[in-house]
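Participant:
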Amino acid sequence: MFGEYVTVRAEVADVPHFSAHADAGQIIDWLRGAPPPHTTYLVHGEPAASEALRDRVDHELGWTAVVPRSGVAVLVR
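Here is the structure:
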């Protein structure tokens, strides 16, 4: 990172069959197979689309979803 090696202190998982080109419905279906996280951070896409997906994650899955503003730092535990 920034030209330096950084120790990975996280579980690294292979997520098969996930497309960066999935539509919102496909993303919701994919998320249904995962255990509910404490918070879901949506960090890709146009602001309006990200906010719409945030609302769907909240309403359809009952999960807390956030679209962070650019430059916001989040501590993930």
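Per the working numbering, the very first residue in the sequence shown carries number 372; after that it's consecutive. Cβ coordinates follow ideal geometry from the N, Cα and C atoms, glycine included.
1) Using 10 angstroms around the beta-carbon of VAL428, count the other beta-carbons present and answer buried if the total reaches 16, otherwise exposed.
2) What's the gap between the Cα of ALA381 and the Cα of ALA419?
3) What is the DSSP secondary structure of VAL386, reduced to helix, strand or coil?
4) Grab the span of the alpha helix (DSSP H) containing GLU422 for me, first residue to last.
5) Does chain D have any CB closer than 8 Å to the CB of LEU446?
Facilitator: To lay it out plainly:
1) Counting Cβ neighbours within 10 Å, VAL428 comes out buried, since at least 16 surround it.
2) 31 Å
3) coil
4) 418-427
5) In the displayed structure, chain D is absent; only one protein chain is listed.
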